[in-house]
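Report on the structure given below.
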Amino acid sequence: MKIPADFDAEIWSVVAEIPAGRVATYGQLARLIGMPGHARRAGRALAMAPEGLPCHRVVNSQGRTAPGWTGQRELLAAEGVRFRANGCVDLSASGWEEIG
DNA sequence: CGAGTGACTGCCA
DNA sequence: TTGGCAGCCACTC
């Protein structure tokens, strides 16, 4: 286990910092906790994330939502997140730390 | 120890 | 701007 248990905790902590109406990428979360390149581990951390976590505000670099999880897109839309014509999140407009 | 997999990422056409 | 391909890293069989 190269990845410490704190990894998931750190990811969840960063995810909890994501403001409503904004979205972050797995790579961004991994980078913010000081572990760039571990985006896949970040995704796995969200896969086992608790319900109280706004994991729906996390998408991949393409702005795509999690497979097998259609509610995520609806939750983001309810937060005020904008979407592109293809149904992907508009990271250029709703991306976290991309505005302020 | 080797091969396969995934809520990923970056480059090229 | 969009779609296809290869690389990455840890977990599982």
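Everything in the first sequence is counted per my numbering, starting at 1443 for the first residue and increasing by one.
By construction, the Cβ of each residue, glycine as well, lies at the ideal position given by its N, Cα and C atoms.
- ILE1445 counts as exposed, since fewer than 16 other C-beta atoms from the protein chains shown sit within 10 angstroms of its C-beta.
- Check the Cα spacing between LEU1518 and each of THR1507, GLU1452, ARG1473: the tightest is with THR1507.
- Closest option to ASP1450, judged by alpha-carbon separation, among ARG1464, PHE1525, TYR1468: TYR1468.
- Per DSSP, reduced to three states, the secondary structure at GLY1463 is coil, with no helix or strand assignment.
- Per DSSP, reduced to three states, the secondary structure at GLY1537 is strand.
- A distance below 6 Å between beta-carbons, with the five flanking residues on each side excluded, links MET1477 to no residue of its chain.
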